[in-house]
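If you're matching positions, the sequence shown starts at 1 in the UniProt record's numbering and goes up one per residue. Just so you know, even glycine gets a beta-carbon here, dropped at the ideal spot from N, CA and C. Quick notes on the structure that follows.
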Amino acid sequence: MNRPNGDFSDGDDISLDGELARQMFDESAALRDPVTENLRLQAAKTSEEVFSRYIEELKQQMESSFDKLSTKLSDLDRKYNELTQQVHSRPGDQTCVQTSSLNQNFDQNLQNLKSMQ
């Protein structure tokens, strides 16, 4: 489909070889634009702030979890010490001695099995 030459004039912003399109969509020209550069910097700054807040919240949650864990471990240690004192304070209770002798028998049996191999 041929158009008459009168449809386009030399003063039009339309370029038959696509020069205008290349200028409009030239990425390097868009990157040099101060407005675009400011938007990129602002987006990077915002992203950094969001990431920093996320890391700070994660740190606080971990500290809180470690504090709770430390408290639970302290409670368990205290209860273990209380139970140990109760066992040692009972006169005539041979539970600890019996357990100790069972452990010795187990160790001896294990050594016997190893020597048989």
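| Asked | Found |
| --- | --- |
| Going by DSSP, what residue range makes up the alpha helix (DSSP H) through D75? | 34 to 89 |
| Suppose you measure from the CA of E37 to the CA of S47; what does that come to, to the nearest Å? | 15 Å |
| Once the 5 residues before and after M1 are set aside, which same chain residues still bring their CB inside 6 Å of it? | Low local confidence applies: a pLDDT of 47 at M1 is under 50, so the model's placement there is unreliable, and no value is given. |
| What's the C-alpha gap between K72 and D33? | 58 Å |
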